[in-house]
Every structure is written in C-alpha cells, then in structure tokens.
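Numbering (my numbering), first residue to last: 774 to 1138.
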C-alpha cells in the first residue's frame, strides 16, 4: 500500500508507555490474523480494518497476546509496529468516510442512485457485496440517520427513560495517555467503568487533549455502565423498520463509527452525516431512540447475541462463502442465505433472526 514507511527493524522493539503492547507482538499478531482472514472487500481496505482488530486483541488479551492485556495500545502503535506511515493510514481511512459522506450528499441532492457506490462506480468501503444490492437513496439516508444517532449519549439516555432499560453509554475523547498513566488509570478503566461524574476532574487534570503528539489517542470514555447493544441487530432492525436500503445505510453509519477512531482530525462523523441527511428523511430523533432500544441487548440475552465488529461483519465464512453482512441483507431482503455462526459463536444467524422476529412482535404487538 502507499502508506508503507520502512523503519529500522530495531525501532519497533520497545513499547512507548506502560500498558502498550510490545511492537513485535503486534506485528506477529497481525501476520497471524491476516494469514487466516479474508474480508469481503479489497486487500487495501482489509489491511486498514485488520489493524484495528489487532488493537482490540491487545486490549482484550486475544490472539497471540495469550491473555496479557495492553489497554493503552492504539492503532497508531499497530501502524508503527507494521512499519507503516501513520499519517497515510489515517488519510486512507478518512477517504473511505469521505466517500460515504459524498454519497449522502448526492442522495440528499436528489440524485437517482441505484447502488451504494462512489462516483466512479466502485462500491463504498470497497465491499463488493454492495455492488449487487439495489438501493433507494432515501432508504439509505434513513439508515444513515438513525444508525448515526443511535449510539449517542442523549439518544441512549432517552431510550433508557422511554423503555425502562439500562443501557450504558459514553463518548470518544482525545486522551493524553501520559496524564492517564499519572492518574493511575489505563484504557480499560476508562472504557469499562462509569465516569459521568468525573468528567470535570478529568478536564482539570489535562486528560482531554488536542492532536499533537504520539501519546494522544482517540479513546472511549464510558459515562455510564449498563447493557450493551448489537450492531447486527441495529442493521437488521433498521431493515425491518424502513426497508433493505435502510439496513445498508445503518451498516455504512456503523462503518463510519469504526473508521473515525483513527483519522487525521477526530470528530463524531457518523452523527455529522446523520445531521446532513436529517431534513431529507421522514424520521425524527424518536426513531433513533426506537432503534437504540431495539438493538440493545436484554440482560437475559447477554452473551447470546452477536455484536459483530466491522471485521467480523465482512469476514467470509469459507464453508458458506458468505459474510454476516450478506446474510443480514439477504434476510431483510427475503432472499436465500446460508446458515452460519455469527461473531464469536454467540448464536447462528437462524437463531438470531428468530430473536429479531420475537423482539419486533413485542415492540409492535
């Protein structure tokens, strides 16, 4: 790829801070994952996505980390371990977001778009599946709108109040990891424990920073602990509520939410795209609240429902030649799909769609 920047091999032997994975282990874990994984997208985009999976492996102790957790590891650390130019990696991820934003702008301008492709006819996210799914641009905008807002703090608060559920929520901030270390915390504590009443203390301590040095990272700060949500359910529920095109739009919004974690200028870009299309869809914030509720994971279903990352959504099950996204779109579109196990084995797609049907009946008796 164009972002390769060869460094001396010895430059990647030491982590930059406590809680950051050793560069050699990051390199080896990437190589191991890449060797066994094929995504339904081009090789260049696959590399951009797999890098984020290695960050997740380091946080959770998965893969070649063998249970050792490195909660302060960032995608920047992964890029450097792979001897790639971090600035170029960020730019390439941003370009994928920009194409989705441009698609939304064209849809909002009233163009008669028939497929989720860019102006040159290449599928968004370079995901070949999207070449073959006819769409209605207004439907895609509905998915971009509700999907782009459903994870927001205020939308989840409203869903908790309206439906009596207890979803957790938080936001990403630029975090100075040196300050984080001085506060006796790491990325795990920041992301897992509720900090709603500590935000001002964090600000006063200088935890929230601006772009500018290698120790500043875009990190998730949990405000409230509580139930999680399923991206799979969000995509499928959007499709059941507003049609197949809305499922495509919700998937694109989730992809933006993933990609924006490592770009040149950090912002809440899925929400920005939602605002861009807001006046062109017959939906309101109430619809985003409904979607947030419908994709929340009930307590009794914790560990029994999938929450596929972008990598798992596009990862091809070689036994079926099918990825989770293709299965979900086929189910919503009432076309054939093959049985497969979702995410980390929580359930099969058939079991998941049975759950979706039950949940919708309870929601709309």
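We put the beta carbon where it would ideally sit given N, CA and C, even for glycine.
Item to complete: Determine the burial state of residue 798: buried for a count of at least 16 other Cβ atoms within 10 Å of its Cβ, exposed for fewer.
Response: In the chain shown, residue 798 corresponds to position 25, counting from 1. Under this definition residue 798 is a buried residue.
Item to complete: Specify, as a first and last residue, the run of the beta strand (DSSP E) that residue 906 falls within.
Response: One-based indexing of the chain shown puts residue 906 at position 133. First-last for residue 906: undefined, no H or E at that position.
Worksheet item: What is the DSSP secondary structure of residue 1108, counted as helix, strand or coil?
Response: Your numbering for residue 1108 matches position 335 in the chain shown. Residue 1108: coil per DSSP, three-state reduction.
Practice prompt. Report the rounded CA-to-CA distance for residue 954 versus residue 796, giving the unit in angstroms.
Written response: Translated into positions along the chain shown, residue 954 becomes position 181. Translated into positions along the chain shown, residue 796 becomes position 23. Taking the straight line joining both Cα atoms gives about 19 Å.
Worksheet item: residue 946: buried (16+ other C-beta within 10 angstroms of its C-beta) or exposed?
Response: Your numbering for residue 946 matches position 173 in the chain shown. Per the 10 Å Cβ criterion, buried.
Worksheet item: So the alpha helix (DSSP H) residue 801 belongs to, where does it begin and stop?
Response: Start at 1 with the first residue of the chain shown, and residue 801 comes out as number 28. Looking at the DSSP string, the run of the alpha helix (DSSP H) that includes residue 801 is 796-809.
Worksheet item: If we call anything under 7 Å between Cβ atoms a contact, is residue 918 one with residue 1047?
Response: By 1-based counting over the chain shown, the position of residue 918 is 145. By 1-based counting over the chain shown, the position of residue 1047 is 274. Taking 7 Å as the Cβ cut-off, residue 918 and residue 1047 qualify as a contacting pair.
Discussion item. Counting C-beta neighbours from all protein chains within 10 Å, is the total for residue 1004 16 or more, i.e. buried, or is it exposed?
Written reply: Residue 1004 sits at position 231 when you count from the first residue of the chain shown. Buried, by the Cβ-count rule.
Worksheet item: Between the C-alpha atoms of residue 1061 and residue 993, what's the straight-line distance to the nearest angstrom?
Response: Position 288 of the chain shown, counted from the first residue, corresponds to residue 1061. Position 220 of the chain shown, counted from the first residue, corresponds to residue 993. The straight-line gap from Cα to Cα measures roughly 21 Å.
Worksheet item: When the Cα of residue 1011 is compared with those of 916, 896, 898, 823, which residue comes out closest?
Response: Here residue 1011 refers to the residue found at position 238 when the chain shown is read from its first residue. Here the closest residue by C-alpha is 916.
Discussion item. By the three-class DSSP mapping on this structure, what secondary structure does residue 879 have?
Written reply: On the chain shown, residue 879 is found 106 positions in, with the first residue counted as 1. Here residue 879 sits in helix by DSSP.
Item to complete: Taking residue 1069 as the reference, give the member of 885, 1017, 1037, 936 with the closest Cα.
Response: Residue mapping note: residue 1069 aligns to position 296 of the chain shown, counting from 1. Cα-wise, what sits closest to residue 1069 is 936.
Discussion item. Check whether the segment 1105-1115 and the segment 964-973 touch, using three or more Cβ-Cβ pairs below 8 Å as the test.
Written reply: no
Fill in: Continuous beta strand (DSSP E) stretch holding residue 947: start and end
Taking the first residue of the chain shown as 1, we reach residue 947 at position 174. First-last of the beta strand (DSSP E) with residue 947: 942-949.
Discussion item. Which residues does DSSP list as the beta-bridge partners of residue 896?
Written reply: Residue 896 sits at position 123 when you count from the first residue of the chain shown. DSSP, once it has assigned bridges, lists 890 as partnering residue 896.
Worksheet item: Between the beta-carbon of residue 887 and the beta-carbon of residue 1096, is there less than 7 Å?
Response: Translated into the one-based positions of the chain shown, residue 887 becomes position 114. Translated into the one-based positions of the chain shown, residue 1096 becomes position 323. No.
Worksheet item: Does the count of Cβ pairs from the segment 900-914 and the segment 1011-1025 closer than 8 Å reach three?
Response: yes
Item to complete: Buried or exposed for residue 804, please, with buried defined as at least 16 other CB atoms from any protein chain shown within 10 angstroms of its CB.
Response: Position 31 of the chain shown holds residue 804. That one is exposed.
Discussion item. Please state the DSSP three-state secondary structure of residue 1090.
Written reply: One-based indexing of the chain shown puts residue 1090 at position 317. Strand, per DSSP.
Worksheet item: residue 1127 to residue 934, Cα distance in whole Å?
Response: Residue mapping note: residue 1127 aligns to position 354 of the chain shown, counting from 1. Residue mapping note: residue 934 aligns to position 161 of the chain shown, counting from 1. So the two alpha carbons sit approximately 27 Å from each other.
Worksheet item: Under a Cβ-count criterion, where at least 16 other Cβ atoms within 10 Å of its own Cβ denotes burial, should residue 1009 be classed as buried or exposed?
Response: For the purposes of this step, residue 1009 is taken as residue 236 along the chain shown, with counting starting at 1. Residue 1009 is buried by the Cβ-count criterion.
Discussion item. Nearest by alpha-carbon distance to residue 846: which of 1037, 832, 839 is it?
Written reply: Here residue 846 refers to the residue found at position 73 of the chain shown. Residue 832 is the option with its Cα nearest to residue 846.
Worksheet item: Nearest to residue 850 by CA position, among 864, 789, 820, 877, is which residue?
Response: One-based indexing of the chain shown puts residue 850 at position 77. Among 864, 789, 820, 877, the Cα nearest to that of residue 850 is on 789.
Practice prompt. Take the Cβ of residue 1088 as the centre, count every other Cβ of all protein chains shown within 10 Å, and call the residue buried at 16 or more, exposed below.
Written response: Translated into the one-based positions of the chain shown, residue 1088 becomes position 315. Residue 1088 is buried by the Cβ-count criterion.
Worksheet item: Is residue 868 buried or exposed, if buried means 16 or more other CB atoms sit within 10 Å of its CB?
Response: For the purposes of this step, residue 868 is taken as residue 95 along the chain shown, with counting starting at 1. Answer is exposed; the Cβ neighbour count stays below 16.
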